[in-house]
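Take the working numbering: the last position of the sequence shown gets the number 408, and nothing is skipped along the way. Even for Gly, the Cβ is constructed at its ideal location relative to N, Cα and C. See below for the structure under consideration.
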Amino acid sequence: MNAITDLLGRPIRDLRISVTDRCNFRCSYCMPKEVFGDDYVFLPKDQLLSFEEIERIAKLFAELGVKKLRLTGGEPLMRRDLPELVEKLMAIEGIEDIGLTTNGVLLRQYAQPLYDAGLRRLNMSLDALDPEIFGKLNGRGIKPDFILSNIEYAQKIGFEIKVNMVVQKGVNEDEIIPMAAYFKARGIMLRYIEFMDVGNDNGWSFKKVVTKKEIHAMLAEHFEIEPTEQHYYGEVAKRYRYLDNGAEVGFITSVSESFCSSCTRARLSSDGKFFTCLFATEGFDVRALLRANLTDEELLSEIKGVWEKRSDRYSDERTEQTAKNRKKIGMSYIGG
C-alpha cells in the first residue's frame, strides 16, 4: 500500500462517492427549489462515472490508504442498480466499511437488495418530526411518518442506522428535544449537524447556526448524558451517551468546533471530480484521465499528487465574509 499524507500530515482514510446529482427532495439548505426548479438540467448519463469507473477509482484510493467508503448524492437511491455497485465495492481489498447516506424515501424498495449486496450502515437525513416543519424543509411536503416507517423497516432487516439532523435557528430548533427522545427510545444514534455554508444557495449566516454548546445545554435539561471516546482518528461526530439506556447522540461541529486538523476525507463527484474539501472551489478531473486510458500507476501518481499538495482548512478560517464571497461547490453535487 502507498499510504500518503497531505501538507498538514493528514492521511487519507475516507472516500465519499457521489453516485448522482439528482434528488427527490428540495431541502432549503442543499437544493432549494427556487434554484433547482422543475426545469433544472442535471448531468446526462454519459457524464456520470460508470460503476466500473467508480470501482477502479475506489481500488486506487484503497491503495493510498482509504478504508471507508460512503455512497452519497444527490439521493444515491435514485441511481439505478445501486446494489450492483455495492457488491463491486465490497470486494475491494483494504475497504473495511461502506455506508450510504439517504433521505429514506426509496428505502423500502432498495433496503433488502442493498443488504443482500453487503451494505450494513445507513445515514438517514431527517430534520424534524413535526409534519409541517419537515414538509416545508424537504420542499416536497413529504411527511416524517413515511420516513420513520422506512427507518423501522431497514432496522428490522438488520441495518445499523444513524440519523442526521441539520439544525437551523428559527426553523427547527424546537425539534431538538422531540428528535432526541424519539431516537433515544429506539436505540438509534441521532447526530445534530451545525448549519454549514456548503455551496452558495442556502442563505447561510452565523446567525442561523445553533451551536453544539447550545444544543448540549438543551439536552442536559431533559437527559443525563456523558461524553464517550472517539472510535477512530478523524471521526467527525463528538459522541455522547445517555446514562439511563446507553443510546448515543452526536454533534457535528463544523462551525463552532472545527475538525479540519484531523480531516481524512476525500470526495468524488458523480462526474468524476476529486475534491479534497467539502468547501472546495474546484476539483481535479479524474474522469478525463480515466477516459484517456491512463494506466493504474499513472492514475495513482496523479491522485497521490493532489492529496500530497492538500492544505485545506476552511472551517478553521471561516468568517462571515469568506462564507459570502467564496464560490463553493454545491452540496448536491459533491455529496455531504
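{"Query": "Beta-carbon proximity list for residue 212, same chain, < 8 Å, skipping 5 on both sides", "Result": "96, 97 and 98"}
{"Query": "Residues sharing a beta bridge with residue 312, DSSP", "Result": "299 and 321"}
{"Query": "Distance between beta carbons of residue 359 and residue 347, contact taken as under 8 Å", "Result": "Not a contact, Cβ separation roughly 13 Å."}
{"Query": "Proximity of residue 247 and residue 200 at Cβ, strictly below 8 Å", "Result": "yes"}
{"Query": "Supposed contact pair residue 121 and residue 343 - C-beta distance, whole angstroms, cut 8 Å", "Result": "7 Å"}
{"Query": "Residue 352 in three-state terms, based on DSSP", "Result": "coil"}
{"Query": "Between the CA atoms of residue 315 and residue 297 - distance to the nearest angstrom", "Result": "6 Å"}
{"Query": "Beta-carbon contacts of residue 237 that lie in its chain and below 6 Å, excluding the five residues immediately before and after", "Result": "199, 251 and 264"}
{"Query": "Assumed close pair residue 78, residue 313 - CB separation to whole angstroms, cut-off 8 Å", "Result": "Contact flag wrong, Cβ pair sits at about 32 Å."}
{"Query": "Test item: CB-CB of residue 376 and residue 323 under 8 Å", "Result": "no"}
{"Query": "Proximity to residue 327 [Cα-Cα], best of 281, 156 and 130", "Result": "281"}
{"Query": "Distance, residue 128 Cα to residue 108 Cα", "Result": "31 Å"}
{"Query": "Beta-carbon spacing of residue 125, residue 372 below 8 Å", "Result": "no"}
{"Query": "Short Cβ contact (8 Å threshold) for residue 220 with residue 194", "Result": "no"}
{"Query": "Own chain residues within Cβ distance below 6 Å of residue 241, not counting five before or after", "Result": "280 and 282"}
{"Query": "4 or more residues per run - each alpha helix (DSSP H) lying fully within the stretch 98–149", "Result": "123–135"}
{"Query": "Beta-carbon spacing of residue 333, residue 305 below 8 Å", "Result": "no"}
{"Query": "Residue(s) in a DSSP beta bridge with residue 240", "Result": "281"}
{"Query": "From 92, 369, 88 and 253, residue whose alpha carbon lies closest to that of residue 118", "Result": "92"}
{"Query": "Beta carbon proximity, residue 308 to chain C, threshold 8 Å", "Result": "Here there is only one protein chain, and chain C is not present."}
{"Query": "When 152, 182 and 321 are compared against residue 302, the one with the closest alpha-carbon", "Result": "321"}
{"Query": "Member of 216, 258 and 207 whose CA lies at the smallest distance from the CA of residue 232", "Result": "258"}
{"Query": "Length of the line joining the Cα atoms of residue 293 and residue 235", "Result": "22 Å"}
{"Query": "Neighbourhood of residue 166 by C-beta distance below 8 Å, restricted to the same chain and skipping five residues each side", "Result": "73, 134, 135, 138 and 139"}
{"Query": "Spatial neighbours of residue 87 in its chain, beta-carbon cut-off 6 Å, leaving aside the 5 residues before and after", "Result": "133, 138, 141 and 338"}
{"Query": "Coil, strand or helix - residue 381 by DSSP", "Result": "coil"}
{"Query": "CA nearest to the CA of residue 191, picked from 162, 174, 228 and 351", "Result": "162"}
{"Query": "When 245, 179 and 112 are compared against residue 289, the one with the closest alpha-carbon", "Result": "245"}
{"Query": "Counted within 10 angstroms of its Cβ, other Cβ atoms place residue 384 as buried (16 or more) or exposed", "Result": "buried"}
{"Query": "Under 8 Å between C-beta atoms of residue 225 and residue 262", "Result": "no"}
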